[in-house]
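Everything on this sheet refers to the single structure shown next.
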Amino acid sequence: MQNRKKLMSIVIFCVILSFLMTGCWNRRELNSLAILSGLAIDKAEDPSKIQITAQILKPGEIKAPSGGGGGGGAKAYLNLTSTGDTFFEAIRGFTHEINRKVYLPHNQIIIFSQEAAKEGVRKHLDFIIRDHEPRLMVWILVSKGKAGEVLETKAELEKVPAIRISQLIEAQGATSETTVVKLHEFLPRLMSKTTAPVASLVEVSGEGQEKTARLEGTAVFKQDKLAGFLNKEETRGLLWVLGQVKSGIIAVESPGGNGKASLEIIRASSKITPEIKDNELYITVEINEEGNLGDQMGTEDLTTPAAWTSLEKRQAAAIRKEIMAAIKKAQELNTDIFGFGDAVHRKYPKVWKDIEKQWDEFFPDLEVKLIINAKLRRTGITTKAAKPE
Numbered sequence: 001m002q003n004r005k006k007l008m009s010i011v012i013f014c015v016i017l018s019f020l021m022t023g024c025w026n027r028r029e030l031n032s033l034a035i036l037s038g039l040a041i042d043k044a045e046d047p048s049k050i051q052i053t054a055q056i057l058k059p060g061e062i063k064a065p066s067g068g069g070g071g072g073g074a075k076a077y078l079n080l081t082s083t084g085d086t087f088f089e090a091i092r093g094f095t096h097e098i099n100r101k102v103y104l105p106h107n108q109i110i111i112f113s114q115e116a117a118k119e120g121v122r123k124h125l126d127f128i129i130r131d132h133e134p135r136l137m138v139w140i141l142v143s144k145g146k147a148g149e150v151l152e153t154k155a156e157l158e159k160v161p162a163i164r165i166s167q168l169i170e171a172q173g174a175t176s177e178t179t180v181v182k183l184h185e186f187l188p189r190l191m192s193k194t195t196a197p198v199a200s201l202v203e204v205s206g207e208g209q210e211k212t213a214r215l216e217g218t219a220v221f222k223q224d225k226l227a228g229f230l231n232k233e234e235t236r237g238l239l240w241v242l243g244q245v246k247s248g249i250i251a252v253e254s255p256g257g258n259g260k261a262s263l264e265i266i267r268a269s270s271k272i273t274p275e276i277k278d279n280e281l282y283i284t285v286e287i288n289e290e291g292n293l294g295d296q297m298g299t300e301d302l303t304t305p306a307a308w309t310s311l312e313k314r315q316a317a318a319i320r321k322e323i324m325a326a327i328k329k330a331q332e333l334n335t336d337i338f339g340f341g342d343a344v345h346r347k348y349p350k351v352w353k354d355i356e357k358q359w360d361e362f363f364p365d366l367e368v369k370l371i372i373n374a375k376l377r378r379t380g381i382t383t384k385a386a387k388p389e
């Protein structure tokens with residue numbers, strides 16, 4: 001009896017082990033995949049259809065020695081265009097041109113053309129959200145021209161335009177003049193009843209092989225439809241309010257009027273507080289910012305207490321100007337890109353219940369009060385401006 005139990009234990013152990021040692025039942029070999037690096041969505045000639053441009057990596061050219069993008073100057077990518085009644089149908093349509101199935105998990109960016117975004121992006125994102133392959137860490141952009149053209153631009157230091165644009169987005173923290181939004185950040189705003197979605201704005205300049213892509217500000221949505229754009233100043237105004245300014249340069253006039261000075265943003269934070277006074281709702285935004293003196297174009301001594309205090313005031317005034325520019329544009333577009341409605345909901349849930357459906361009527365005339373606390377900390381290695389002998 002004991003031997004029988006021992007034998008059964010061995011059999012069970014072997015069965016379990018056999019399951020653990022099996023390979024992936026749905027594995028796909030690298031040489032059977034068309035690895036996607038970027039997607040561009042445009043309106044098709046037939047208004048009832050969607051046109052998608054896919055940028056497919058060519059691994060052999062990527063690892064080849066640099067010099068024109070690979071051996072013999074070959075491109076390290078292939079751009080394909082497909083048209084379909086739905087996003088999914090258009091994606092599968094690429095198999096008519098290549099003998100590999102498009103592999104989505106490594107995609108870097110999704111670009112909507114201005115025209116496609118005006119008609120709404122929700123229907124195009126449904127597949128991305130529903131399917132198991134795409135990842136929500138992809139960057140979302142809107143192009144002022146054709147989205148497919150962005151994937152044809154010069155890659156410069158990189159071999160693949162989509163990868164270059166992805167890295168360009170990641171570098172925007174140095175200026176804080178472009179909104180950078182991933183899909184997992186875009187979706188909550190898309191589903192919100194009040195907070196408007198935003199995305200990076202990309203433009204193409206140049207002709208032919210000299211076309212380059214530049215990030216130029218922010219695309220603003222009303223629900224899922226493109227409503228307008230913010231320029232760089234307005235974009236940083238938005239980021240001040242959202243507490244997303246990481247770095248950047250504020251150029252101000254020197255106190256003595258002798259040229260300009262650059263003030264580097266070192267750190268910043270924000271606090272949004274809804275208030276009700278005399279039955280009137282208003283928003284208070286408090287900004288706390290610290291910076292350093294980066295350089296000066298004039299020769300005056302900016303380290304004196306009076307000059308230093310003046311620079312801080314000018315710094316605060318510049319921040320205020322950027323925020324007010326963003327608020328003005330948002331109220332013109334009637335798009336609550338700041339999340340003011342959500343802040344009211346959290347603090348005054350009963351009040352919010354009464355005004356939620358009329359928020360579009362409240363927001364354009366909503367009073368916003370600003371408290372700007374700007375401090376300068378350091379002058380750099382030198383404390384004096386260079387002066388001629």
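With the working numbering applied, the sequence shown corresponds to residues 1 to 389, in that order. Every residue, glycine too, gets a C-beta built ideally from N, C-alpha and C.
Other residues of its chain near residue i: CB distance less than 8 Å, five sequence neighbours each side excluded
i           : result
residue 248 : 174, 175, 176, 177, 236, 264 and 265
residue 211 : 149, 152, 153, 154, 204 and 205
residue 245 : 176, 236, 239, 265, 268 and 289
residue 222 : 196, 333, 334 and 335
residue 356 : 193, 194, 341 and 345
residue 319 : 240, 250, 287, 289, 372 and 374
Buried versus exposed call for residue i [16 or more other C-beta atoms within 10 Å across all chains shown]
i           : result
residue 164 : buried
residue 171 : exposed
residue 279 : exposed
residue 124 : buried
residue 218 : buried
residue 194 : buried
residue 131 : exposed
residue 107 : buried
residue 98  : exposed
residue 55  : buried
residue 48  : exposed
residue 179 : buried
residue 110 : buried
residue 296 : buried
residue 207 : exposed
residue 35  : buried
Close-in-space but distant-in-sequence residues of the same chain around residue i (CB under 7 Å, 5 per side omitted)
i           : result
residue 316 : 372 and 374
residue 337 : 196, 198, 220, 238 and 330
residue 122 : 190 and 224
residue 364 : 331 and 334
residue 133 : 104 and 105
residue 258 : 298, 299 and 300
residue 347 : 274
Supposed contact pair residue j and residue i - C-beta distance, whole angstroms, cut 8 Å
i           : j           : result
residue 144 : residue 114 : 5 Å
residue 38  : residue 151 : 5 Å
residue 84  : residue 224 : Their Cβ separation, rounded to whole angstroms, is 20 Å, which puts residue 84 and residue 224 out of contact at 8 Å.
residue 380 : residue 293 : 6 Å
residue 230 : residue 326 : 7 Å
residue 252 : residue 189 : That pair is no contact at about 33 Å.
residue 129 : residue 241 : 28 Å between Cβ atoms; not a contact.
residue 57  : residue 44  : That pair is no contact at about 25 Å.
Beta-carbon proximity list for residue i, same chain, < 6 Å, skipping 5 on both sides
i           : result
residue 148 : 40, 42 and 53
residue 340 : 283
residue 307 : 255
residue 345 : 352
residue 288 : 269 and 373
residue 290 : 266, 267, 375 and 377
residue 273 : 284
residue 93  : 82 and 84
C-beta neighbour in chain B for residue i, strict 7 Å
i           : result
residue 243 : No chain B is present in this structure, which holds just one protein chain.
Practice problem: Any chance you could list the alpha helix (DSSP H) runs of at least 4 consecutive residues sitting entirely within the segment 216 to 298, in chain order? | Solution: 232 to 242
Exercise. Ignoring anything shorter than 4 residues or poking outside the segment 315 to 379, list the alpha helix (DSSP H) runs there in chain order.
Key: 340 to 347, 349 to 355 and 359 to 362
Quiz item: What are the uninterrupted segments assigned as alpha helix (DSSP H) that are 4 or more residues long and contained completely in the segment 168 to 194, given in chain order?
Solution: 183 to 191
Quiz item: Does the segment 181 to 198 come within contact of the segment 135 to 142, defined as at least 3 CB pairs closer than 8 Å?
Solution: yes
Exercise. Could you pull out every unbroken beta strand (DSSP E) segment of at least 3 residues lying fully inside the segment 71 to 104, listed in chain order?
Key: Within the segment 71 to 104, the complete beta strand (DSSP E) segments of 3 residues or longer fall at 77 to 84 and 101 to 103, listed in chain order.
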